[in-house]
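Counting from 1, one number per residue, gives the positions in the sequence shown under full-length UniProt numbering.
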Amino acid sequence: MEFLTMIGGATGSLFLTLIAFLVVLTVVVFIHEFGHFWVGRLCGVGVTAFSIGFGPELIGWTDRKGTRWKICAIPLGGYVKFVGDLNAASVPDQDQLDRMPMEQRSISFPHQSVAKRAAIVAAGPIANFILAIAIFAGFNYFNGRLVLEPRIEAVQPGSAAEKAGFQPKDLILTVDGRRIETFADMQLIVSSSAGEPLDFTVERNGQVVPLTATPNFVERTSPFGKQRIGLLGVEASRDPSAVKRLTYSPWGAVKAAVVETWNLVERTLNFIRRLVMGWESADQLSGPIGIARASGTAFDLGGVYSLVSLIGFMSVSIGLINLFPIPLLDGGHLLFYAIEALRGRPLSEKAQEIGFRIGFALVAMLMLFATWNDLVHLGTSFMARGS
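This is the structure in structure tokens:
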């Protein structure tokens with residue numbers, strides 16, 4: 001009976017994780033693709049398909065303008081296919097373009113100006129950033145934020161903070177020239193700067209004191225698996241007066257949300273920089289399974305609130321990744337359009353084809369590598385539970 005209860009619990013948990021994953025990915029993908037779709041329609045471009053997922057169509061309908069809206073079997077992305085596109089990656093169909101009647105060229109994507117094509121492509125990532133800002137702004141406005149002032153309660157023995165000369169009751173003012181208003185602001189910078197010296201200024205007994213500390217590498221478990229982060233080794237003040245609730249006007253909530261979104265972008269870019277320089281481990285990259293685990297964990301811990309927060313974080317990630325200048329991604333298309341604008345003519349069909357093949361190979365390898373990481377993390381997690 002105990003075994004059946006355990007199986008039933010695992011099945012229920014897996015079901016909730018799957019539902020949470022589909023909700024997160026569907027919302028993020030839909031907003032991204034709707035950005036392309038909406039700006040495409042504004043520019044007068046014909047849309048033949050709007051798909052959530054890839055592969056065989058599960059359900060679908062055709063609107064009065066001839067666009068096929070559909071949900072497909074493989075829920076790992078989506079696409080908008082415009083008139084003149086060969087496939088979901090917006091590769092031009094040259095044969096179709098050569099035979100296209102003059103009256104249809106006005107609604108063909110490849111026949112639009114560089115500016116219009118760039119606007120349509122950029123609209124997807126921009127829509128993701130707008131979604132994240134809207135979510136964070138909503139939380140800020142309706143809930144406010146509970147924050148801790150950046151005052152130190154204690155310094156851990158042997159830590160980077162102790163070596164740098166931090167003392168209890170120090171109030172952190174800046175890190176590398178950036179103003180620090182909350183303890184979380186400091187943690188955000190330190191956690192993504194392991195092994196790199198950071199310049200601090202602290203207020204101590206009414207005097208401003210400069211300090212330099214190099215955060216230590218530590219491993220922490222997260223819903224995405226083990227993450228390597230920087231640790232300074234200080235504890236926040238436990239004094240009740242150090243806790244403050246920030247409330248926001250509508251415009252203030254939006255401004256704070258923009259800052260939060262930018263912080264996520266900056267942190268991601270910093271991680272990539274450190275990864276390229278060999279300061280971070282590539283086993284921290286996560287794929288679909290990692291996203292599914294994070295979705296399930298977020299729903300288990302905080303219900304709908306945490307799931308919506310995860311949608312905001314994922315929307316920033318998807319928007320940023322799509323801006324990378326890799327052919328096949330939106331950033332790759334924007335790179336081709338920038339070259340076209342500078343040259344006065346597009347790259348040759350052969351050059352674009354080679355670029356798309358290289359981009360497909362890079363994206364495929366990254367997906368396989370991230371999925372392998374997910375499987376390793378999943379196996380490690382199961383082994384830890386069994387021991």
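All residues carry an ideal CB built from backbone N, CA and C; glycine is no exception.
In the displayed model, S306 falls within a helix according to three-state DSSP. Taking L362 as reference, the option from G177, P327, D170 and F34 with the minimal CA-CA separation is P327. Judged by DSSP secondary structure, R105 falls within the alpha helix (DSSP H) whose first and last residues are M102 to R105. Within the DSSP bridge table, the entry for V208 names E203 as partners. Between Q104 and C43 a beta carbon distance of about 15 Å is seen, past the 8 Å cut, so the two are scored as non-contacting. Straight across, the Cα-Cα distance linking E57 with G78 is about 12 Å.
Three or more beta-carbon pairs drawn from the stretch 27-42 and the stretch 307-315 are found closer than 8 Å, and the two stretches are therefore classed as touching. In the three-state reduction of the DSSP assignment, L329 falls in the coil class.
The Cβ-Cβ distance between H32 and G138 does not fall below 8 Å. Proximity of the stretch 158-177 to the stretch 251-268 falls short of the contact definition, fewer than three beta-carbon pairs being nearer than 8 Å.
Under DSSP, V175 takes part in a beta bridge, and its partners are R178 and F200.
Residue environment for Q207: exposed (fewer than 16 other C-beta atoms within 10 angstroms of its C-beta). The three-state reading of DSSP puts A164 in helix, counting H, G and I together. In terms of CA proximity to I19, S295 leads the group S295, L334, G344 and V276.
The Cβ atoms of S192 and N270 lie closer than 8 Å to each other. The shortest C-alpha to C-alpha distance from R245 to any of G144, A351 and P110 is the one to G144.
V202 sits close to V209, with the two beta carbons spaced by under 8 Å.
With fewer than 16 other Cβ atoms inside 10 Å of its own Cβ, D63 counts as exposed. Under the Cβ criterion (8 Å, minimum of three pairs), the stretch 115-131 counts as touching the stretch 324-338. In the structure shown, P346 adopts coil according to DSSP, grouped into three states. Here the alpha carbon of R151 sits roughly 13 Å from the alpha carbon of A161.
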